[in-house]
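Going letter by letter, the sequence shown gives residues 145 to 264 in our numbering. Below: the structure, in structure tokens.
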Amino acid sequence: MFVIVVEYIAWAIGLIGILVIVYGSLVSSIKFLRIEKKRMNGFISLKDTDILRLTLGTYLLLGLEFLIAADIIRTILKPSLEEVGILGAIVAIRTVINYFLDIEIEEVQRHQSENANIKV
Numbered sequence: 145m146f147v148i149v150v151e152y153i154a155w156a157i158g159l160i161g162i163l164v165i166v167y168g169s170l171v172s173s174i175k176f177l178r179i180e181k182k183r184m185n186g187f188i189s190l191k192d193t194d195i196l197r198l199t200l201g202t203y204l205l206l207g208l209e210f211l212i213a214a215d216i217i218r219t220i221l222k223p224s225l226e227e228v229g230i231l232g233a234i235v236a237i238r239t240v241i242n243y244f245l246d247i248e249i250e251e252v253q254r255h256q257s258e259n260a261n262i263k264v
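Encoded structure:
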């Protein structure tokens, strides 16, 4: 009984991760279309593009964290060597993705703060 409840919890956490990524992708897609419309009308703004990258990156990071949590819970329930190996590979891949997304987000935030300090 306990194992079934925990499996449902892991499933729900994984679903939350997927929903966060899908929602973030939709929000970012809408922002992208608005930016492209501005660009086609002759207005080019790197700030808008930076905000878009920051928005999408943030949602991706959050969604990946939920997915990692779900994988950890599933592995605790079935701690076979194969499951641990699969989890290790998944966590390694997601950790690399998280690392580069974090760098990207920090770069965008730094770029925005530098531009905010410049008075034109």
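From the three backbone atoms N, C-alpha and C, an ideal C-beta is built for every residue, glycine too. If you're wondering where the values come from, they're calculated on a predicted model, not measured in any experiment.
Taken through DSSP and simplified to helix, strand or coil, Ile188 comes out as coil. Residues Ser172 of the same chain have their beta carbon placed closer than 6 Å to that of Thr199, with the five preceding and five following residues left out of the count.
Counting C-beta pairs with one atom in each stretch, the region 214-223 and the region 152-160 have three or more that are closer than 8 Å, which means they touch. If you draw a straight line from the Cα of Glu258 to the Cα of Val150, it is about 46 Å long. Distance from the CA atom of Gly229 to the CA atom of Val240, rounded to whole angstroms, is 17 Å.
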